[in-house]
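> FYI, the numbering for the sequence shown is 3 to 192, going by this note's numbering. Note that the Cβ used here is the ideal one computed from N, Cα and C, for glycine as well. Mind having a look at this structure? Questions to follow.
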Amino acid sequence: MYGSILSDFTIKQMATHKKDDWVFINPFRDENVQPASYDITIGDSFTFEREYTENGELITGPKRFDEPVPYMTVTCDSYALEPKRFVLATTKEYIQLPHNITAFVEGRSSIGRLGLFIQNAGWVDPGFEGQITLELFNASDRTIIIPAGSRVGQLVFAMMDVGAEKPYSGKYQGQTGATGSMVYKDFIKG
Numbered sequence: 003m004y005g006s007i008l009s010d011f012t013i014k015q016m017a018t019h020k021k022d023d024w025v026f027i028n029p030f031r032d033e034n035v036q037p038a039s040y041d042i043t044i045g046d047s048f049t050f051e052r053e054y055t056e057n058g059e060l061i062t063g064p065k066r067f068d069e070p071v072p073y074m075t076v077t078c079d080s081y082a083l084e085p086k087r088f089v090l091a092t093t094k095e096y097i098q099l100p101h102n103i104t105a106f107v108e109g110r111s112s113i114g115r116l117g118l119f120i121q122n123a124g125w126v127d128p129g130f131e132g133q134i135t136l137e138l139f140n141a142s143d144r145t146i147i148i149p150a151g152s153r154v155g156q157l158v159f160a161m162m163d164v165g166a167e168k169p170y171s172g173k174y175q176g177q178t179g180a181t182g183s184m185v186y187k188d189f190i191k192g
């Protein structure tokens, strides 16, 4: 079983029973289980960069890795993503991975064919707990309406040969909602 992709049978068993060494998904929907993956859905939290300061001044200048980005978050039942625009979204599902299971995040082909790209890091480390932030980009020339609750991607779980010596405990641990970049924390000396 080690070094293998989890099957629908194993995903169902693990995801519905909270144990330290099993995957946990909440809310879990049996109809989202695929032969070798679990369909993830869009939550109702969307985060985007502010274009103006709180004083109404246009934000200009380059983005820097060592400085926080000013974000704005909205909660809504659907989000209208304009052409050539980018937004952070969250999964409705909150997941917990044990120290010996990792997951890959893949976009759905049907969604990609509309021009909506799920541009994410694509990797969920063993030990991660939280909602997954998705980076959505509208590559089409028309606005795409993104309804909360829609299936937009899938998680593929893989059993590792041994548990991680240092499971994930980083800056996004326990995140809920669409979470903006915290890369600037990599530059904080302390």
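For Leu8, which residues of its own chain have a beta-carbon under 6 angstroms away from its beta-carbon, when the five flanking residues on both sides are left out?
Within the same chain, Leu8 has close Cβ partners Phe159.
> By Cβ distance below 8 angstroms, which residues in the same chain neighbour Ala38 in space, the five residues on each side in sequence not counted?
Ile7, Leu8, Ser9, Asp10, Val158, listed in sequence order.
> Should Thr55 go down as buried or exposed, given a rule of 16 or more other Cβ atoms within 10 Å for buried?
Classification for Thr55: exposed.
> For the putative contact between Gln177 and Gly129, defined by C-beta atoms under 8 angstroms, what is the C-beta separation to the nearest angstrom?
Actually they do not touch by this definition, with Cβ atoms about 14 angstroms apart.
> What are the boundary residues of the alpha helix (DSSP H) that Phe30 is part of?
Run containing Phe30: none; DSSP gives neither H nor E here.
> Counting Cβ pairs, one atom from each stretch, are 3 or more of them under 8 angstroms apart for the stretch 62–75 and the stretch 93–113?
Because the criterion of three Cβ pairs below 8 angstroms is not met, the stretch 62–75 and the stretch 93–113 do not touch.
> Would you check if there are 3 or more beta carbon pairs closer than 8 angstroms linking the stretch 55–65 to the stretch 76–96?
No, the stretch 55–65 does not touch the stretch 76–96.
> Helix, strand or coil for Asp41 per DSSP?
Note: Asp41 maps to strand in three-state DSSP.
> Taking DSSP as the reference, what is the three-state secondary structure of Ala105?
Correct three-state label for Ala105: strand.
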